[in-house]
Amino acid sequence: MAFVSTRASAVRPASGLASFETTVLSGYASDGGLFMPQHIPTITASDLAAWQSLSYVGLAKQILPLFLTNPADQAALPVAALHDILDACFAKFDNPENVLPVVPLMLPQNASTGGAPQQVLVAEMWHGPTGAFKDLALSLLGRLLEHYLSRTGEHRTIVVGTSGDTGSAAIDSVRGNTSVDIVVLFPEGRISRVQMLQMALVREPNVHVYAVDGSSDDLDVPIRNVLNDREFSARHRLCSINSVNWTRIMMQVVHFFFAYLRAVPASALAQLPEVSVVVPTGACGNIASGMLARQMGLPIKMVAAVNQNDIVHRALTTGVFSLAGNVVVSLAPSMDIQVPYNLERILYLASNRDHELVTKFWTQFEHTGSATIPEPLLASLRAGLSSHAANDNDVTDTIRQVYDSTNGSYVLDPHTAIGVHAVHAGRVRSSSPAIPVVCMATATPAKFSDSIVKIIGKPVPLPPSMRQALDRDDPSGTLANENNLDTALPEGTLRMRQGDDWEDMLRKRIVAIDERLAA
Numbered sequence: 223m224a225f226v227s228t229r230a231s232a233v234r235p236a237s238g239l240a241s242f243e244t245t246v247l248s249g250y251a252s253d254g255g256l257f258m259p260q261h262i263p264t265i266t267a268s269d270l271a272a273w274q275s276l277s278y279v280g281l282a283k284q285i286l287p288l289f290l291t292n293p294a295d296q297a298a299l300p301v302a303a304l305h306d307i308l309d310a311c312f313a314k315f316d317n318p319e320n321v322l323p324v325v326p327l328m329l330p331q332n333a334s335t336g337g338a339p340q341q342v343l344v345a346e347m348w349h350g351p352t353g354a355f356k357d358l359a360l361s362l363l364g365r366l367l368e369h370y371l372s373r374t375g376e377h378r379t380i381v382v383g384t385s386g387d388t389g390s391a392a393i394d395s396v397r398g399n400t401s402v403d404i405v406v407l408f409p410e411g412r413i414s415r416v417q418m419l420q421m422a423l424v425r426e427p428n429v430h431v432y433a434v435d436g437s438s439d440d441l442d443v444p445i446r447n448v449l450n451d452r453e454f455s456a457r458h459r460l461c462s463i464n465s466v467n468w469t470r471i472m473m474q475v476v477h478f479f480f481a482y483l484r485a486v487p488a489s490a491l492a493q494l495p496e497v498s499v500v501v502p503t504g505a506c507g508n509i510a511s512g513m514l515a516r517q518m519g520l521p522i523k524m525v526a527a528v529n530q531n532d533i534v535h536r537a538l539t540t541g542v543f544s545l546a547g548n549v550v551v552s553l554a555p556s557m558d559i560q561v562p563y564n565l566e567r568i569l570y571l572a573s574n575r576d577h578e579l580v581t582k583f584w585t586q587f588e589h590t591g592s593a594t595i596p597e598p599l600l601a602s603l604r605a606g607l608s609s610h611a612a613n614d615n616d617v618t619d620t621i622r623q624v625y626d627s628t629n630g631s632y633v634l635d636p637h638t639a640i641g642v643h644a645v646h647a648g649r650v651r652s653s654s655p656a657i658p659v660v661c662m663a664t665a666t667p668a669k670f671s672d673s674i675v676k677i678i679g680k681p682v683p684l685p686p687s688m689r690q691a692l693d694r695d696d697p698s699g700t701l702a703n704e705n706n707l708d709t710a711l712p713e714g715t716l717r718m719r720q721g722d723d724w725e726d727m728l729r730k731r732i733v734a735i736d737e738r739l740a741a
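Below is the structure:
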């Protein structure tokens, strides 16, 4: 199996096919599209039955090789080497033997809808060193970069824009790696204090972090311009480990299979019952992975749960994918996105991999800020994907209700609260009373103490792995103390201000990295 771009040029085999190694070391395809597998593997009920008792790592060992069937890929990354990498990936998680706990949560009765109490399974994807689901895929991607670069002795410079969580997870995955430098841009004042400290406190020679006076969509513009400058990108050996990178999408497929196998009793697997999965959604990377899992044969139906920045909800409701003013700052900052670029992958899958349609649609959106989803494609999307939008009041109410109904034993983070709100509001139904709805929990509430304190009256302690990671960069424990709510940037933080030429600053930093390496 090779990999192709979501855009039209990839239909020409001479220019369009890529190896797995190429997808790891680049990010965008050469035509500006996103990499996807040339063929989609098929999973059967017997496969699921055989996998039900596997751990998350054991399941990843079964699923990932399905995308690495090309002899050249297998030679560059033998299955045994992949297994060794997977075994080592999660050493810094809270519990390396159970990296993705799936816990039952009984939601209280909804007085406004008259709904009875309902159980939801919460897939806690946040037990890694930076407290967010990004750790699961980036722990793998960082080691894959090390594997491939160690074979050639090459260096790569990673360029990352983050709406809150990707930046810290990306830094953690490559910090101290002499084969890699990483440049991270985050939106100043638009992420939580802990999210900011996880990036701005890091002082490593290969880590370069900028606080940008703008939204995450704003900072994506110079990054995309630089990465899509083919000559500059090739000369400076640039790559991206945002969810444009195929490895992120591939690894996230495992989340959906793992959650499904925890939701469905062994006795019911043969019937392949459908499971509803609610996914707090920003750039749509997790939704793209879930859509791929569905096309592989996993019987799931997803709900994209979004905040006030509701372009995905509006697109699925009206068929029009269009910008709507400025990004709204919310209690769920990692979802404060207006341009969810992984929609390109979702449209590619829902259109039966129609490169021409995707290219036409995305080109129109990039030029006008609006594009209409053709009716047959919209129907295909809606067959496996619906949506729900919630505002800050909904987030606050849901966190407080769950906290009170569990006698203070369970606290949701603001992003997961949006997913749980969809269930509590009656927007999501289980296919059977015996099969609960699954909600993906994308971050620990401890990352958002500045909001959580105002809702429940006290901060949430940092998980052990996250506490250890922050203590490494703040040995005194003063800045990273969960009771310290000072939002000022640490001294020495690099800045990109309004009026600065952000793209020029980014290019100069990349050039300076190469000059340092050549010295």
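Going by my numbering, the letters in the sequence shown line up with residues 223 to 741, in that order.
The beta-carbon is built from N, C-alpha and C at its ideal position, and this holds for glycine as well.
Values in this document were obtained by computation on a predicted structure and should not be read as measured data.
How would you write the range of the beta strand (DSSP E) that residue i sits in, first residue to last?
i: Tyr432; result: 429-434
i: His610; result: 607-611
i: Pro409; result: 402-409
i: Thr380; result: The question names Thr, but residue 380 in the sequence shown is Ile. It spans 378-383 - the beta strand (DSSP E) in which Ile380 sits, taken as one unbroken run.
Among the options, which residue has its Cα nearest to the Cα of residue i?
i: Asp723; options: Leu692, Ile533, Asp435, Pro655; result: Asp435
i: Thr540; options: Leu290, Ala601, Asn564; result: Ala601
i: Phe315; options: Met328, Leu716, Met688, Thr266; result: Met688
i: Asn742; options: Asp635, Val624, Ser609, Pro685; result: Not covered by the structure: residue 742. The range shown for the chain is 223 to 741.
i: Tyr563; options: Arg575, Asn574, Val580; result: Val580
i: Leu281; options: Pro293, Leu483, Asp736; result: Leu483
i: Asp576; options: Asn613, Leu599, Val486, Trp468; result: Leu599
i: Val617; options: Val405, Asn629, Ser673; result: Ser673
i: Arg536; options: Glu426, Val561, Asp619; result: Val561
i: Pro339; options: Ile568, Ser627, Phe312; result: Ser627
i: Val542; options: Ile559, Asn548, Ala488, Trp584; result: Trp584
i: Asp176; options: Leu362, Ala391, Gly630, Val325; result: Nothing in the structure corresponds to residue 176, since the chain is present only between 223 and 741.
i: Ile307; options: Phe257, Leu358, Thr291, Gln341; result: Leu358
i: Cys661; options: Lys283, Val324, Leu571; result: Val324
What are the residues that DSSP puts in a beta bridge with residue i?
i: Cys506; result: Answer is none; Cys506 lacks a bridge partner.
i: Ile678; result: Partner(s): none; Ile678 has no beta bridge.
i: Ala294; result: Paired residue(s): none; Ala294 is not in a bridge.
i: Ile657; result: Ser654
i: Gly721; result: None; Gly721 has no bridge partner.
i: Leu209; result: Given a span of 223 to 741 for the chain in the structure shown, any question on residue 209 remains unanswerable.
i: Glu216; result: No answer is possible for residue 216: it lies beyond the span of the chain, which begins at 223 and ends at 741.
i: Ala267; result: BP columns for Ala267 are empty, so no partner.
i: Ser227; result: Phe257
i: Thr594; result: Val542
i: Ala354; result: Ala665
i: Ser671; result: Paired residues: none, contrary to the question.
i: Val550; result: The partner list for Val550 (beta bridge, DSSP) is empty, contrary to what the question assumes.
So, residue i versus residue j, is the Cβ gap smaller than 8 angstroms?
i: Leu239; j: Ala224; result: yes
i: Ala665; j: Val525; result: no
i: Ser511; j: Val650; result: no
i: Ala663; j: Met421; result: no
i: Cys506; j: Val534; result: yes
i: Leu692; j: Ser609; result: no
i: Val431; j: Val424; result: yes
i: His349; j: Asn399; result: no
i: Arg378; j: Arg459; result: yes
i: Val396; j: Gly364; result: yes
i: Thr228; j: Arg567; result: yes
i: Val246; j: Leu329; result: no
For the alpha helix (DSSP H) holding residue i, just list the boundary residues, first then last.
i: Asp626; result: 614-627
i: Met472; result: 468-485
i: Met524; result: Taken as a continuous stretch (DSSP letters only), Met524 belongs to no alpha helix (DSSP H), being part of the beta strand (DSSP E) at 522-528.
i: Phe587; result: 577-590
i: Ser462; result: No alpha helix (DSSP H) holds Ser462; DSSP gives it neither H nor E.
i: Val396; result: 388-396
i: Val645; result: 636-646
i: Gly280; result: 278-285
i: Ile568; result: 565-572
i: Asp309; result: 301-311
i: Val438; result: It should be noted that the sequence gives Ser, not Val, for residue 438. 438-449 is the extent of the alpha helix (DSSP H) around Ser438.
i: Gln690; result: 686-695
i: Arg822; result: Limits of the chain in this structure are 223 at one end and 741 at the other, which puts residue 822 out of reach.
Tell me whether residue i counts as near the ligand NAD, meaning its Cβ is closer than 7 angstroms to at least one heavy atom of that ligand.
i: Asn613; result: Only the bare structure without any ligand can be found here, which leaves the ligand NAD out of the picture.
Original post:
Can we say the stretch 343-362 touches the stretch 725-741, given the rule of at least three CB pairs closer than 8 angstroms?
Top reply: By the criterion of at least three beta-carbon pairs nearer than 8 angstroms, the stretch 343-362 is not in contact with the stretch 725-741.
**OP:** Evaluate the contact criterion for the stretch 528-540 versus the stretch 550-567: three or more CB pairs, one atom per stretch, below 8 angstroms.
**Re:** Yes, the stretch 528-540 is in contact with the stretch 550-567.
Original post:
Taking three-plus beta-carbon pairs below 8 angstroms as touching, is the stretch 403-410 in contact with the stretch 378-387?
Top reply: Yes: at least three Cβ pairs fall under 8 angstroms.
Original post:
Pairing CB atoms from the stretch 264-276 with CB atoms from the stretch 470-484, are three or more of them under 8 angstroms?
Top reply: Output reads yes: the stretch 470-484 touches the stretch 264-276.
Subject >> Three CB pairs or more closer than 8 angstroms across the stretch 511-522 and the stretch 246-264 >> reply: Cβ pair count under 8 angstroms is three or more, so yes.
Original post:
Okay, do the stretch 630-640 and the stretch 666-686 touch, 3+ Cβ pairs below 8 angstroms being the bar?
Top reply: As far as the Cβ criterion goes, the stretch 630-640 touches the stretch 666-686, which means the pair count is three or higher.
Original post:
How about the stretch 295-305 and the stretch 360-375: do they share at least three Cβ pairs that are nearer than 8 angstroms?
Top reply: Touching, yes, given that three or more Cβ pairs across the two stretches are closer than 8 angstroms.
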